[in-house]
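Asks: With the UniProt record's numbering applied, the sequence shown corresponds to residues 1 to 183, in that order. Attaching a single structure in structure tokens format; questions to follow.
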Amino acid sequence: MATCREGTPQWKTTIIVSTSLQSHEIIRMLNAQQHRIRFSDSVHPGAFIFPLSGTAFLMVDAQDLPEPSEESGVFERIKKFVQVHRNCFLLLRSPFKGKKELETLTVIQNRFFGSNLRILPVQNTDEIVKGMLTIAKATSKPHVDSIRDRISLARAHIIESSPVWEMLRDMLQNQAGDSTCFI
């Protein structure tokens, strides 16, 4: 029996990737899904940019981050990334099994609180690829329009079939009928 995934065409997009990731397993996975990969020296090391959706992802391993009391070039790299990209995500790679990983996540959240950086904790390359592609697809032009249309239709349907809206319509009709009697 065919599944929905087999019947729908696979989504493909262009991804601009830092040359530092040329031999990374993520690139092999994206190539296997037939995405167009373009390498660039001008992209931040560890970065993936999806130009059609306007999103950028920076992959950082939690082991590369310093202890909470120390300073590091990693935070400076993240800061520059946030300044350059308007819609940016930090792919924080860590097993997230213990207190240390949660403290690291908290430090990053506190440090970049109020910025446009969103943090996506991931444990392996499968989660990295799935997370990036899901976000990029949901924010890419043809898909975001489709999602907006479906939400609008759902909203209209809810309003039409809502008992609250029926009651309000009846009240308005009764008020309109009452006001015509006084004229």
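We put the beta carbon where it would ideally sit given N, CA and C, even for glycine.
Taking a contact to mean a Cβ-Cβ separation below 8 angstroms, would you say Pro120 touches Leu92 in this structure?
Replies: Checking the sequence, you will find Leu at residue 120 rather than Pro. Going by C-beta atoms, Leu120 is nearer than 8 angstroms to Leu92.
Asks: Using the Cα positions of Val84 and Phe75, report the straight-line distance between them to the nearest angstrom.
Replies: C-alpha separation (whole angstroms): 14 angstroms.
Asks: Quick one: residues in its chain with C-beta nearer than 8 angstroms to the C-beta of Ala176, no 5 flanking neighbours on either side, listed in chain order?
Replies: Counting only Cβ-Cβ distances below 8 angstroms, and skipping sequence neighbours, we find nothing.
Asks: Residue range of the beta strand (DSSP E) that residue 185 falls in?
Replies: Residue 185 lies beyond the stretch modelled for the chain, which goes from 1 to 183, so this question has no answer here.
Asks: Considering only residues of the same chain and omitting the five flanking positions on each side of Ser94, which have a CB-CB separation below 6 angstroms?
Replies: So the list reads Ala62 and Glu101, once near-sequence residues are dropped.
Asks: Can you look up Thr14 in the DSSP assignment and give me helix, strand or coil?
Replies: The answer is strand: DSSP assigns Thr14 an E or B state.
Asks: Buried or exposed, going by whether 16 or more other CB atoms sit within 10 Å of the CB of Phe81?
Replies: By the 10 Å Cβ count, Phe81 comes out buried.
Asks: Tell me the rounded alpha-carbon separation between Gln123 and Thr104.
Replies: About 14 angstroms.
Asks: If you follow the beta strand (DSSP E) that residue 185 is in, where does it begin and where does it stop?
Replies: Outside the shown range of the chain (1 to 183) lies residue 185, about which nothing can therefore be said.
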